[in-house]
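Encoded as structure tokens, the structure appears first; notes follow it.
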Amino acid sequence: MPPSDPKTKKPLDIVVKFALSVFVGSFALIWGGMYLSRPDRSIPPYTVGAQSGRLVVTDVPRGTTDEEVESLVKRFRKVGHQTHDFAR
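According to my numbering, the residues represented by the sequence shown are 71 to 158, in order.
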């Protein structure tokens, strides 16, 4: 027998609940991955032109401040002690 009140809502089917949870979960995973892999904003953007042993040629934007260059040098010093791969 159908319900007497036509305004009563039927509960969502389990398949619909599962689809909605997958939909929302996928956006949460994408956002979380983008948040965790965001670039480091404490150093200026740079381009490694060449690397030969311990010598590294880089290019930084024209408006880079001294503090930003200093933080980039500190980062290069840290990477130099660890992996010597400055392009990463």
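From the three backbone atoms N, C-alpha and C, an ideal C-beta is built for every residue, glycine too.
Spatial distance of serine 107 from threonine 128 (CA atoms): 23 Å
Helix, strand or coil at aspartate 161 [DSSP, three-state]: The structure shown does not extend to residue 161, since the chain spans only 71 to 158, so no value can be given for it.
Boundaries of the alpha helix (DSSP H) in which glycine 123 is found, first to last residue: Per DSSP, glycine 123 belongs to no alpha helix (DSSP H) and is neither H nor E.
Where the alpha helix (DSSP H) containing arginine 111 begins and where it ends: Segment: none, arginine 111 is in no alpha helix (DSSP H) and carries neither H nor E.
Rounded C-alpha distance that separates glycine 159 from aspartate 136: Look at the range of the chain in this structure, 71 to 158, and you will see that residue 159 is not part of it.
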